[in-house]
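In the numbering used here, the protein residues as written are -9 to 165.
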């Protein structure tokens, strides 16, 4: 593993459009999983990466919404996944590994925020179970395919919400 270094003469900034970033990018033959790839920023990533030729797999908790939002995008497979349910994550990963030898990019983009206090079946606070634990388990279970891709990437999207509260001091909202 090498240290990351700043890119000299970096030409993009906060005003750069997705179309400009993806110009001349060819992802033909690449397989990408995008959690949350059917709404918000995940949907925009899905559109751009599909246009670049990648095969995209979208795990979805809300299958009907995913099917509707992704109906006009090419190279998409939608599979059920509930990030708060370890069994669902295992089933998704197992199915993926049975049908795919490699995974080039895993984008952990799905996330919840501003829900009333709710717990999953294990008693874990719903935001934490979805946004953190679910993605961790998914990534770990997909490691064989990520390793087979040789130059794979895992991208974890996050908000700045952790800066507003000491998250790890009471991650399960016991107090």
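Glycine included, C-beta positions come from ideal geometry on N, C-alpha and C.
N- and C-terminal bounds of the alpha helix (DSSP H) containing residue i
| i | result |
| --- | --- |
| residue 79 | 76 to 89 |
| residue 128 | 125 to 131 |
| residue 98 | First-last for residue 98: 95 to 98, but that is the beta strand (DSSP E), not the alpha helix (DSSP H). |
| residue 166 | Nothing in the structure corresponds to residue 166, since the chain is present only between -9 and 165. |
| residue 35 | 30 to 41 |
| residue 17 | Segment: none, residue 17 is in no alpha helix (DSSP H) and carries neither H nor E. |
| residue 72 | Element bounds for residue 72: n/a, residue is neither H nor E. |
| residue 56 | 53 to 60 |
For residue i, the nearest candidate out of the options (CA to CA)
| i | options | result |
| --- | --- | --- |
| residue 129 | 30, 22, 45 and 38 | 22 |
| residue 93 | 120, 114 and 133 | 133 |
| residue 54 | 69, 46, 90 and 34 | 69 |
| residue 105 | 62, 97, 40 and 115 | 115 |
| residue 171 | 99, -1, 110 and 107 | Because the chain spans -9 through 165 in this model, residue 171 falls outside it and cannot be assessed. |
| residue 96 | 45, -7 and 111 | 45 |
| residue 135 | 108, 52 and 84 | 84 |
| residue 111 | 120, 144, 90 and 75 | 75 |
| residue 64 | 103, 39 and -2 | 39 |
| residue 124 | 1, 57 and 82 | 82 |
| residue 20 | 127, 13 and 139 | 139 |
| residue 88 | 142, 62, 119 and 131 | 131 |
| residue 12 | 144, 108, 62 and 34 | 34 |
Distance CB(residue i)-CB(residue j) smaller than 8 angstroms
| i | j | result |
| --- | --- | --- |
| residue 25 | residue 73 | yes |
| residue 48 | residue 60 | yes |
| residue 71 | residue 52 | no |
| residue 42 | residue 15 | yes |
| residue 117 | residue 103 | yes |
Opposing strand residues paired with residue i [DSSP bridges]
| i | result |
| --- | --- |
| residue 67 | 47 |
| residue 115 | 109 |
Range of the contiguous beta strand (DSSP E) that encloses residue i
| i | result |
| --- | --- |
| residue 21 | 21 to 25 |
| residue 145 | 143 to 146 |
Near the ligand COA: residue i beta-carbon under 7 angstroms from a heavy atom
| i | result |
| --- | --- |
| residue 57 | In the structure shown, the ligand COA is absent, as is every other ligand, since no ligand is present at all. |
Can you find at least 3 beta carbon pairs, one from the segment 24 to 31 and one from the segment 3 to 10, that sit closer than 8 angstroms?
Short answer: they don't touch.
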